[in-house]
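Have a look at the structure below before the remarks.
See the structure below:
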């Protein structure tokens with residue numbers, strides 16, 4: 001109904017633009033293969049009774065359902081000159097799927113709202129869609145719905161749904177005497193951003209971790225089964241996210257910095273830039289690892305103990321080697 | 001992690017900007033009252049076990065779940081000089097809640113991703129959030145999760161979840177011999193847009209229908225209980241949306257134009273602009289009424305019969321008084 005001055009003038013050498021495909025064509029491109037991976041292999045998710053194509057998707061859950069939403073905006077969360085469309089799609093899925101994992105749930109389905117300028121090459125949109133489906137299928141989930149609209153910037157808003165087999169693992173469940181353990185990378189995505197910001201493309205491992213977080217799929221259910229007290233995914237930085245657990249649980253979380261060995265790639269970035277490896281490890285966000293608290297002796301395989309939960313307190317917080325960390329604990333949009 | 005040059009310079013006389021509130025403060029503003037209406041009355045939705053504040057919301061459904069997502073973008077779906085923030089929030093909720101209704105489901109919960117320039121007045125964001133909650137509560141639902149990010153334009157991406165008491169009412173279920181019936185307004189939102197586009201603010205009823213669609217909450221469940229064959233909400237225009245039913249069901253949908261009386265407000269817009277009332281009624285979108293097919297004699301109260309479902313055919317489509325409608329059937333983004 002609005003002024004529909006679709007701008008076809010910017011058509012370059014990248015094949016048709018999304019303006020030429022139309023809204024419904026693009027929605028089909030994004031959601032039409034909901035039941036397959038990008039490579040065409042079928043993904044069967046029995047909870048999905050009806051995929052895209054009607055007013056809503058229809059799902060049938062046997063346990064409680066978790067749901068979360070996170071949007072990626074061009075220039076804020078990704079740059080098209082740094083990341084491929086596939087990588088952007090994967091990241092948009094991953095940041096949401098990590099939240100599902102962090103509740104101790106199994107990812108089931110994604111819904112995607114895709115907004116873009118009319119002159120965006122169709123291939124960018126479909127590659128992004130392939131990335132979304134690829135990442136979803138790595139987590140055992142499928143894309144069940146979508147919306148497409150015009151906007152000045154590319155924006156991908158994803159909602160993830162997951163299913164619990166038991167009670168959710170909340171931020172508020174950390175118990176004094178438990179240990180804190182991590183599964184996944186720390187500081188890699190932040191190191192990758194430092195590298196990219198300075199115009200470099202290596203070390204490749206950290207650059208790739210920045211472009212597509214390596215979420216430890218399955219670790220959320222694993223932690224829940226091991227009776228994890230509290231859990232969160234590391235999106236803003238270890239100290240910032242442990243701070244959420246500390247405040248919700250009214251405890252002090254003690255991190256032992258010696259339990260965080262410095263990987264070679266972070267050491268390389270540190271040597272080249274002067275940023276301390278500890279700062280990357282403790283405050284770097286966007287890795288979407290999982291950090292959880294466990295009773296001692298119940299830490300699952302592949303989780304690495306990095307600290308302990310102290311007594312209940314009215315002054316909750318995070319300590320590194322017994323002291324308050326000096327400096328920013330993480331990153332917020334809209335603020336320095 | 002990204003270049004976080006929050007722009008505080010544009011601070012005007014509208015109170016603090018969202019940049020000064022910070023991401024977490026704004027998320028709390030948007031989602032923190034998830035269990036109340038904008039006026040503070042509690043909304044108890046027993047399916048919501050855990051609202052905002054953790055990595056995910058937690059819900060418990062007894063029947064199948066429907067889910068849908070739709071985004072509103074400034075300049076495409078609303079203008080801040082035409083609509084108040086509250087109206088934009090209400091519309092963002094309504095367009096999604098209408099999709100839940102159109103499956104025959106009961107709305108339960110909304111998740112909201114809110115993107116805005118850093119200098120947006122905080123009051124605009126919180127008023128928008130109040131609008132989202134007000135509209136949700138009219139449908140019996142609550143806001144259970146949110147995300148806030150920076151962007152050049154205001155964009156509100158909403159996911160709605162609903163619950164079915166029986167099988168979903170799909171687009172594909174129209175049966176030859178059924179009647180077509182509508183509940184809600186037709187053409188009002190389009191007439192409102194025509195009026196606003198020409199710089200007028202009246203007739204007020206159509207302007208208000210454009211700014212906040214009047215979704216007939218509860219009518220979806222009512223139609224499902226009456227055994228509706230197919231159902232859809234009128235977002236793109238009656239003919240366009242009936243076309244979806246016709247193609248999915250492989251039938252011809254016959255609309256009787258005499259069964260669509262012209263309301264006074266549409267007649268007024270028609271007289272002032274020369275746009276025929278039939279065009280507004282048949283092709284105007286954004287009213288988010290419900291149109292469904294029923295066995296004759298099973299049309300629920302308050303639904304108005306406007307046509308019939310013809311025989312199965314390999315050439316499905318919509319006919320008005322027996323003929324193909326000449327002209328556009330509806331509206332698509334990205335295209336004229």
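Residue numbers (the UniProt record's numbering), protein chains in the order written: chain A, 1 to 336; chain B, 1 to 336. Beta carbons: idealized from backbone N, C-alpha and C, even for Gly. Keep in mind the model is a prediction, meaning the values are calculated, not measured.
Per DSSP, cross-strand counterpart(s) of residue i
i, result
"residue 61 of chain B", "In the DSSP output, where bridge partners are listed per residue, residue 61 of chain B has none listed."
"residue 56 of chain B", "For residue 56 of chain B, which the question treats as bridged, DSSP gives no partner whatsoever."
"residue 107 of chain B", "B:162"
"residue 290 of chain A", "A:183, A:233"
"residue 349 of chain A", "With chain A running from 1 to 336 in the structure shown, residue 349 of chain A is simply not present."
"residue 112 of chain A", "A:146, A:158"
Test: residue i CB closer than 7 Å to a CB of chain A
i, result
"residue 130 of chain B", "no"
"residue 58 of chain B", "yes"
"residue 64 of chain B", "yes"
"residue 68 of chain B", "yes"
"residue 192 of chain B", "no"
"residue 356 of chain B", "Because residue 356 of chain B is not part of the residues shown, which for chain B are 1 to 336, the question remains open."
"residue 184 of chain B", "no"
"residue 159 of chain B", "yes"
"residue 221 of chain B", "no"
"residue 71 of chain B", "yes"
"residue 224 of chain B", "no"
"residue 102 of chain B", "yes"
"residue 76 of chain B", "yes"
Own chain residues within Cβ distance below 8 Å of residue i, not counting five before or after
i, result
"residue 169 of chain B", "102, 103, 104, 220, 223, 224, 228, 229, 230, 231, 292"
"residue 239 of chain A", "255, 282, 283, 318, 320, 325, 329, 330"
"residue 314 of chain B", "250"
"residue 265 of chain A", "188, 191, 203, 205, 206"
Residue-chain proximity (residue i, chain B), Cβ-Cβ < 7 Å
i, result
"residue 15 of chain A", "no"
"residue 43 of chain A", "no"
"residue 170 of chain A", "yes"
"residue 317 of chain A", "no"
"residue 337 of chain A", "Residue coverage of chain A in this structure runs from 1 to 336, which leaves residue 337 of chain A outside it and unanswerable."
"residue 99 of chain A", "yes"
"residue 111 of chain A", "yes"
"residue 55 of chain A", "yes"
"residue 85 of chain A", "no"
"residue 228 of chain A", "no"
"residue 92 of chain A", "no"
Simplified DSSP assignment, three categories, for residue i
i, result
"residue 90 of chain B", "helix"
"residue 127 of chain B", "helix"
"residue 250 of chain B", "coil"
"residue 323 of chain A", "strand"
"residue 339 of chain A", "No information on residue 339 of chain A is available, as it lies outside the stretch 1 to 336 that chain A covers here."
"residue 178 of chain A", "coil"
"residue 151 of chain A", "coil"
"residue 201 of chain A", "coil"
"residue 49 of chain B", "strand"
"residue 318 of chain B", "strand"
"residue 99 of chain B", "helix"
"residue 256 of chain A", "coil"
"residue 18 of chain B", "helix"
"residue 68 of chain B", "strand"
"residue 157 of chain A", "strand"
"residue 25 of chain B", "helix"
"residue 143 of chain B", "strand"
"residue 262 of chain A", "coil"
"residue 334 of chain A", "Unreliable placement is indicated for residue 334 of chain A, whose pLDDT of 46 sits below 50; no coordinate value is reported for it."
"residue 308 of chain A", "strand"
"residue 208 of chain B", "helix"
"residue 83 of chain A", "coil"
"residue 399 of chain B", "The structure shown does not extend to residue 399 of chain B, since chain B is modelled only from 1 through 336, so no value can be given for it."
Residues of its chain near residue i, where Cβ-Cβ distance is below 7 Å and the 5 sequence neighbours each way are ignored
i, result
"residue 276 of chain B", "270"
"residue 306 of chain A", "180, 181, 182, 255, 256, 259, 260"
"residue 193 of chain A", "210"
"residue 185 of chain A", "209, 214, 287, 289"
Residue i CB to nearest heavy atom of the ligand ZN below 6 Å
i, result
"residue 326 of chain A", "Judged by which ligands are present, the structure shown has none, so any question about the ligand ZN falls away."
Quick one, which residues of the segment 254-279 of chain B are near chain A if we go by CB-CB under 8 Å, in chain order? none
| field | Near-chain B residues of the segment 301-314 of chain A - C-beta to any C-beta below 9 Å | value | none
>> At a CB distance below 9 Å, what residues from the segment 129-153 of chain B approach chain A? Give them in sequence order.
In response: 144, 145, 146, 147, 148, 149, 150, 151, 152, 153
| request: Anything in the segment 230-246 of chain A with a Cβ closer than 7 Å to a Cβ of chain B? List those residues in chain order, please. | output: 232, 233
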